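Taken in order, the sequence shown gives residues 877 to 1170; the numbers are from the working numbering.
C-beta atoms are modelled at their ideal positions from N, C-alpha and C, and glycine is treated no differently.
As the structure is a computational prediction, the values presented were derived from the model and not from experiment.
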Amino acid sequence: MAHEDEPQYNSDVQKRPNSQSPPKPARKPGQKKPVQKRPTYSIEAVDNALLLLQLLRDGGTLRLKDAAEELGVAPSTAHRLLAMLVYRGFAVQDETRRYVPGPAMGVGPAGLSWTRLLRTVAQPHMELLSAQLNETVNLMVRVGTKVRFLATVEGSNVLRVGDRQGTVLPASKTSGGKAILAELDPPMIQQLFRSNNAEISGDTIPVDQYAAFLRELESIRSNGFAANFEGTEDGVSALGMALHNRHGDVVGAISVATPATRFRAVFDGGLVAALRETCRQLEIDIAANPAEPD
(Lines of atoms letter the chains of each structure in order from A and count residues from 1; the text may use other names and numbers.)
(Lines give C-alpha, C1' and ligand atoms only; values in the text may rest on other atoms or scores of the structure.)
Protein backbone atom coordinates (compact mmCIF):
# COMPACT_ATOMS: atom_id res chain seq x y z
CA MET A 1 0.00 0.00 0.00
CA ALA A 2 1.40 3.39 -0.90
CA HIS A 3 1.81 6.04 1.78
CA GLU A 4 1.00 9.67 1.19
CA ASP A 5 4.62 10.64 1.90
CA GLU A 6 5.99 8.17 -0.65
CA PRO A 7 8.56 9.88 -2.92
CA GLN A 8 7.29 11.16 -6.28
CA TYR A 9 9.42 10.55 -9.35
CA ASN A 10 10.22 13.06 -12.08
CA SER A 11 8.84 11.38 -15.18
CA ASP A 12 11.19 13.38 -17.41
CA VAL A 13 14.24 11.84 -15.78
CA GLN A 14 13.54 8.30 -14.67
CA LYS A 15 10.34 6.29 -14.95
CA ARG A 16 9.37 3.36 -12.79
CA PRO A 17 9.47 0.24 -15.02
CA ASN A 18 6.06 -1.24 -15.80
CA SER A 19 4.57 -3.86 -18.05
CA GLN A 20 2.88 -1.25 -20.29
CA SER A 21 6.10 0.48 -21.38
CA PRO A 22 6.75 0.38 -25.15
CA PRO A 23 9.71 -1.65 -26.40
CA LYS A 24 13.03 0.18 -26.30
CA PRO A 25 14.64 1.03 -29.66
CA ALA A 26 17.77 -0.85 -30.60
CA ARG A 27 21.03 0.92 -29.86
CA LYS A 28 22.69 2.39 -32.95
CA PRO A 29 26.11 1.07 -33.96
CA GLY A 30 28.79 2.82 -31.94
CA GLN A 31 26.27 4.21 -29.47
CA LYS A 32 27.55 3.90 -25.92
CA LYS A 33 25.62 2.04 -23.27
CA PRO A 34 24.20 4.31 -20.53
CA VAL A 35 26.56 4.61 -17.58
CA GLN A 36 23.93 4.21 -14.86
CA LYS A 37 20.37 2.97 -14.91
CA ARG A 38 17.83 2.62 -12.14
CA PRO A 39 17.59 -1.04 -11.07
CA THR A 40 14.35 -2.76 -11.98
CA TYR A 41 13.64 -3.58 -8.35
CA SER A 42 14.73 -0.35 -6.67
CA ILE A 43 14.10 0.33 -2.96
CA GLU A 44 12.90 3.88 -2.55
CA ALA A 45 14.06 4.36 1.05
CA VAL A 46 17.57 3.22 0.20
CA ASP A 47 17.62 5.32 -2.96
CA ASN A 48 16.51 8.39 -1.03
CA ALA A 49 19.14 7.87 1.67
CA LEU A 50 21.86 7.57 -0.98
CA LEU A 51 20.59 10.71 -2.70
CA LEU A 52 20.83 12.58 0.61
CA LEU A 53 24.45 11.41 0.92
CA GLN A 54 25.16 12.79 -2.54
CA LEU A 55 23.51 16.10 -1.67
CA LEU A 56 25.59 16.41 1.50
CA ARG A 57 28.76 15.44 -0.32
CA ASP A 58 28.25 17.88 -3.18
CA GLY A 59 26.56 20.75 -1.36
CA GLY A 60 28.21 20.59 2.05
CA THR A 61 25.06 21.65 3.89
CA LEU A 62 21.39 20.70 3.73
CA ARG A 63 18.22 22.03 5.35
CA LEU A 64 15.38 19.68 6.21
CA LYS A 65 13.03 21.65 3.94
CA ASP A 66 15.45 21.40 1.02
CA ALA A 67 15.98 17.68 1.60
CA ALA A 68 12.22 17.06 1.49
CA GLU A 69 11.87 19.08 -1.71
CA GLU A 70 14.79 17.32 -3.40
CA LEU A 71 13.33 13.90 -2.59
CA GLY A 72 9.72 14.88 -3.19
CA VAL A 73 8.65 13.57 0.21
CA ALA A 74 7.06 14.97 3.34
CA PRO A 75 9.40 16.70 5.81
CA SER A 76 8.67 13.96 8.36
CA THR A 77 10.00 11.33 5.94
CA ALA A 78 13.10 13.38 5.14
CA HIS A 79 13.68 13.87 8.87
CA ARG A 80 13.60 10.11 9.51
CA LEU A 81 16.10 9.48 6.72
CA LEU A 82 18.43 12.22 7.94
CA ALA A 83 18.14 10.90 11.49
CA MET A 84 19.50 7.54 10.30
CA LEU A 85 22.42 9.27 8.57
CA VAL A 86 23.17 11.09 11.81
CA TYR A 87 22.93 7.84 13.78
CA ARG A 88 25.46 6.15 11.50
CA GLY A 89 27.80 9.15 11.46
CA PHE A 90 27.25 10.24 7.85
CA ALA A 91 25.67 13.55 8.88
CA VAL A 92 25.64 15.91 11.84
CA GLN A 93 23.58 18.99 12.65
CA ASP A 94 25.36 22.29 13.15
CA GLU A 95 24.30 25.11 15.48
CA THR A 96 21.76 26.35 12.90
CA ARG A 97 20.14 22.87 12.71
CA ARG A 98 21.38 22.39 9.16
CA TYR A 99 22.82 19.02 8.22
CA VAL A 100 26.48 18.81 7.23
CA PRO A 101 28.69 15.82 6.32
CA GLY A 102 29.55 13.69 9.34
CA PRO A 103 32.82 11.94 10.25
CA ALA A 104 31.89 8.73 8.44
CA MET A 105 31.54 10.53 5.10
CA GLY A 106 35.26 10.81 4.42
CA VAL A 107 36.61 7.73 6.19
CA GLY A 108 37.96 4.97 3.98
CA PRO A 109 37.80 1.21 4.53
CA ALA A 110 39.79 -0.18 7.43
CA GLY A 111 41.62 -3.14 5.88
CA LEU A 112 38.57 -5.20 5.01
CA SER A 113 40.07 -8.69 5.09
CA TRP A 114 41.87 -8.08 8.37
CA THR A 115 38.95 -6.38 10.13
CA ARG A 116 36.59 -9.15 9.08
CA LEU A 117 38.95 -11.66 10.67
CA LEU A 118 39.41 -9.52 13.78
CA ARG A 119 35.65 -9.35 14.26
CA THR A 120 35.37 -13.12 13.98
CA VAL A 121 38.17 -13.72 16.48
CA ALA A 122 36.89 -11.09 18.92
CA GLN A 123 33.19 -11.98 18.88
CA PRO A 124 33.21 -14.83 21.45
CA HIS A 125 35.43 -12.84 23.82
CA MET A 126 33.10 -9.85 23.57
CA GLU A 127 30.07 -12.02 24.25
CA LEU A 128 31.67 -13.50 27.37
CA LEU A 129 32.67 -10.08 28.70
CA SER A 130 29.23 -8.63 28.01
CA ALA A 131 27.58 -11.54 29.82
CA GLN A 132 29.98 -11.18 32.75
CA LEU A 133 29.39 -7.44 33.20
CA ASN A 134 25.91 -7.25 31.69
CA GLU A 135 27.09 -4.17 29.78
CA THR A 136 27.71 -3.26 26.14
CA VAL A 137 31.08 -4.21 24.63
CA ASN A 138 32.54 -2.63 21.46
CA LEU A 139 35.37 -3.52 19.10
CA MET A 140 36.99 -0.68 17.14
CA VAL A 141 39.96 0.12 14.92
CA ARG A 142 41.65 3.41 14.10
CA VAL A 143 41.25 4.96 10.65
CA GLY A 144 43.32 8.13 10.62
CA THR A 145 42.06 10.42 13.37
CA LYS A 146 38.82 8.45 13.74
CA VAL A 147 37.80 5.08 15.11
CA ARG A 148 35.37 2.80 13.33
CA PHE A 149 33.23 0.52 15.49
CA LEU A 150 33.47 -2.95 13.94
CA ALA A 151 31.17 -4.86 16.27
CA THR A 152 28.96 -4.43 19.32
CA VAL A 153 27.57 -6.90 21.84
CA GLU A 154 24.82 -5.22 23.83
CA GLY A 155 24.20 -5.85 27.51
CA SER A 156 20.83 -7.17 28.60
CA ASN A 157 19.90 -4.37 31.00
CA VAL A 158 16.80 -2.45 30.01
CA LEU A 159 18.83 0.75 30.37
CA ARG A 160 21.92 0.08 28.27
CA VAL A 161 24.13 1.55 25.56
CA GLY A 162 22.90 0.53 22.11
CA ASP A 163 24.55 -0.90 19.01
CA ARG A 164 27.39 1.23 17.62
CA GLN A 165 28.50 -1.05 14.78
CA GLY A 166 29.52 1.04 11.77
CA THR A 167 29.71 4.27 13.77
CA VAL A 168 32.73 6.52 13.20
CA LEU A 169 33.84 8.86 16.00
CA PRO A 170 36.91 10.99 16.79
CA ALA A 171 39.65 8.79 18.24
CA SER A 172 40.64 11.62 20.59
CA LYS A 173 37.22 11.51 22.27
CA THR A 174 36.45 7.80 22.66
CA SER A 175 37.94 5.52 25.31
CA GLY A 176 39.10 2.91 22.80
CA GLY A 177 40.40 5.58 20.45
CA LYS A 178 42.46 7.22 23.17
CA ALA A 179 43.82 3.83 24.23
CA ILE A 180 45.00 3.29 20.64
CA LEU A 181 46.45 6.80 20.30
CA ALA A 182 48.41 6.36 23.53
CA GLU A 183 50.37 3.57 21.81
CA LEU A 184 51.53 5.77 18.92
CA ASP A 185 54.84 7.62 18.76
CA PRO A 186 54.76 11.39 19.50
CA PRO A 187 55.66 12.32 15.89
CA MET A 188 52.61 10.37 14.68
CA ILE A 189 50.37 12.15 17.19
CA GLN A 190 51.82 15.45 15.99
CA GLN A 191 51.11 14.51 12.38
CA LEU A 192 47.54 13.48 13.16
CA PHE A 193 46.49 16.48 15.21
CA ARG A 194 48.90 19.42 14.75
CA SER A 195 50.02 19.26 11.12
CA ASN A 196 48.87 21.22 8.09
CA ASN A 197 46.90 18.16 6.98
CA ALA A 198 45.10 18.09 10.33
CA GLU A 199 44.17 21.75 9.93
CA ILE A 200 42.87 21.20 6.41
CA SER A 201 40.79 18.17 7.44
CA GLY A 202 39.46 19.86 10.56
CA ASP A 203 41.07 17.33 12.92
CA THR A 204 43.52 19.68 14.62
CA ILE A 205 43.60 19.95 18.40
CA PRO A 206 43.99 23.62 19.41
CA VAL A 207 47.41 24.55 20.74
CA ASP A 208 46.00 25.56 24.13
CA GLN A 209 44.52 22.05 24.53
CA TYR A 210 47.32 20.01 22.99
CA ALA A 211 49.60 19.83 26.06
CA ALA A 212 46.74 18.55 28.21
CA PHE A 213 45.89 15.99 25.53
CA LEU A 214 49.48 14.69 25.52
CA ARG A 215 49.42 14.44 29.32
CA GLU A 216 46.21 12.44 29.11
CA LEU A 217 47.81 10.02 26.64
CA GLU A 218 50.80 9.62 28.97
CA SER A 219 48.46 8.81 31.85
CA ILE A 220 46.67 6.26 29.67
CA ARG A 221 49.98 4.58 28.85
CA SER A 222 50.78 4.35 32.56
CA ASN A 223 47.36 3.04 33.59
CA GLY A 224 46.84 0.71 30.64
CA PHE A 225 43.30 1.95 29.98
CA ALA A 226 41.41 5.05 28.85
CA ALA A 227 38.11 6.49 30.01
CA ASN A 228 35.44 8.55 28.31
CA PHE A 229 33.00 10.38 30.55
CA GLU A 230 30.20 11.57 28.26
CA GLY A 231 32.81 12.86 25.81
CA THR A 232 31.04 11.61 22.70
CA GLU A 233 27.45 11.23 23.87
CA ASP A 234 25.46 12.62 26.78
CA GLY A 235 24.67 9.98 29.36
CA VAL A 236 27.26 7.46 28.13
CA SER A 237 30.62 6.64 29.71
CA ALA A 238 33.13 3.99 28.68
CA LEU A 239 36.46 2.38 29.48
CA GLY A 240 38.74 1.06 26.73
CA MET A 241 41.96 -0.89 26.29
CA ALA A 242 44.18 -1.38 23.26
CA LEU A 243 44.66 -4.71 21.48
CA HIS A 244 48.05 -5.86 20.15
CA ASN A 245 49.30 -8.39 17.63
CA ARG A 246 52.12 -10.87 18.22
CA HIS A 247 54.69 -8.15 17.50
CA GLY A 248 53.26 -5.85 20.15
CA ASP A 249 51.77 -3.43 17.62
CA VAL A 250 48.37 -1.95 18.41
CA VAL A 251 45.65 -3.25 16.08
CA GLY A 252 42.44 -2.06 17.71
CA ALA A 253 40.67 -1.64 21.01
CA ILE A 254 37.90 -3.10 23.15
CA SER A 255 35.65 -0.83 25.19
CA VAL A 256 32.88 -1.35 27.70
CA ALA A 257 30.18 1.31 27.53
CA THR A 258 27.60 1.96 30.24
CA PRO A 259 25.00 4.57 31.11
CA ALA A 260 26.89 7.32 32.92
CA THR A 261 24.79 6.82 36.04
CA ARG A 262 26.01 3.21 36.35
CA PHE A 263 29.66 3.62 35.37
CA ARG A 264 31.08 4.09 38.90
CA ALA A 265 29.37 0.95 40.19
CA VAL A 266 30.59 -1.10 37.23
CA PHE A 267 34.11 0.31 37.59
CA ASP A 268 34.22 -0.48 41.31
CA GLY A 269 32.86 -3.95 40.57
CA GLY A 270 36.01 -5.02 38.73
CA LEU A 271 35.66 -3.51 35.26
CA VAL A 272 39.39 -2.92 34.73
CA ALA A 273 40.39 -6.46 35.70
CA ALA A 274 37.63 -8.04 33.59
CA LEU A 275 38.49 -5.98 30.50
CA ARG A 276 42.22 -6.59 30.93
CA GLU A 277 41.70 -10.36 31.10
CA THR A 278 39.47 -10.28 28.01
CA CYS A 279 42.13 -8.36 26.07
CA ARG A 280 44.81 -10.80 27.23
CA GLN A 281 42.82 -13.80 26.05
CA LEU A 282 41.89 -12.11 22.78
CA GLU A 283 45.50 -11.16 22.08
CA ILE A 284 46.44 -14.84 22.40
CA ASP A 285 43.97 -15.63 19.62
CA ILE A 286 45.19 -12.68 17.54
CA ALA A 287 48.80 -13.86 17.92
CA ALA A 288 47.80 -17.37 16.84
CA ASN A 289 46.42 -16.01 13.58
CA PRO A 290 48.89 -15.19 10.78
CA ALA A 291 46.83 -12.35 9.29
CA GLU A 292 47.96 -8.78 9.98
CA PRO A 293 46.33 -5.38 9.38
CA ASP A 294 47.36 -3.41 6.32
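query	result
With a 10 Å radius around its C-beta and 16 neighbouring C-beta atoms as the bar for buried, classify valine 1034 as buried or exposed.	exposed
Could you work out which residue in Ala950, Thr953, Ala1129 is closest to glycine 1053 when comparing CA atoms only?	Ala1129
So arginine 933 packs on proline 977, CB below 8 Å; how close in whole Å?	7 Å
Which term fits serine 1032, buried or exposed, when burial requires 16 or more other beta carbons within 10 angstroms of its beta carbon?	exposed
So is serine 1095 buried or exposed if we call it buried at 16+ other beta carbons inside 10 Å?	exposed
If you check the beta carbons only, do leucine 1009 and methionine 1016 fall under 8 Å apart?	no
Just to confirm before moving on: does the CB-CB distance between arginine 1070 and isoleucine 1056 stay below 8 Å?	no
Find the nearest neighbour of glutamate 1092 within the set Leu1119, Lys1049, Glu1106, Gly1124, judged by alpha-carbon distance.	Lys1049
Short of 8 Å in beta carbon distance, which residues of its chain neighbour leucine 1045, apart from the five on each side in sequence? Order them along the chain.	Gly965, Pro979, Lys1022, Val1023, Phe1025, Gly1053, Thr1108
Out of curiosity, what's the CA-to-CA distance linking phenylalanine 1089 and leucine 947?	43 Å
Output the residue ranges of the beta strand (DSSP E) runs that lie fully inside the stretch 990 to 1069 and measure 3 residues or longer, sorted by chain position.	1012 to 1019, 1022 to 1029, 1044 to 1046
Please report how far the alpha carbon of leucine 929 lies from the alpha carbon of leucine 957, in whole angstroms.	10 Å
Verify whether the separation of the beta carbon atoms of alanine 950 and alanine 943 is less than 8 Å.	no
Quick check on this structure: which residue in Met981, Asp1061, Val1132, Gln969 has the alpha carbon closest to the alpha carbon of arginine 1036?	Val1132
Would valine 1083 be called buried (16 or more neighbouring beta carbons within 10 Å of its own) or exposed?	exposed
State the CB to CB distance for the pair leucine 1115 and leucine 1147, rounded to an integer number of angstroms; the pair is presumed to be in contact (CB under 8 Å).	6 Å
Kindly list the residues whose CB is nearer than 8 Å to the CB of tyrosine 1086, restricted to its own chain and excluding five residues on each side of it in sequence; keep chain order.	Phe1069, Arg1070
Between the stretch 1151 to 1165 and the stretch 1110 to 1126, do three or more beta carbon pairs fall short of 8 Å?	yes
Do the CB positions of valine 1013 and valine 997 come within less than 8 Å of each other?	no
Alpha helix (DSSP H) containing leucine 947: first to last residue?	940 to 947
Grouping DSSP H, G and I as helix and E and B as strand, with all else coil, what is glycine 935?	helix
For my contact list, tyrosine 975 and threonine 937 are in at a C-beta cut-off of 8 Å; report their separation, rounded to the angstrom.	7 Å
For a quick check, are the C-beta atoms of leucine 961 and alanine 967 less than 8 Å apart?	yes
Hey, quick one: how far does the alpha helix (DSSP H) through methionine 960 stretch, first residue to last?	951 to 963
Specify the secondary structure class of asparagine 1121 as computed by DSSP and reduced to three states.	coil
If distances are taken between C-alpha atoms only, which option among Gly1020, Ala1074, Asn1073 comes closest to leucine 1060?	Gly1020
I'd like the span of the beta strand (DSSP E) that includes glutamate 1104, first residue to last.	According to the sequence as given, residue 1104 is asparagine; it is not glutamate. Where asparagine 1104 is concerned, the enclosing beta strand (DSSP E) stretches over 1102 to 1105.
Check this for me: beta carbons of methionine 1117 and phenylalanine 1105, under 8 Å apart or not?	no
Would you mind sorting arginine 1040 into buried or exposed? The rule is 16 or more other CB atoms within 10 Å of its CB.	buried
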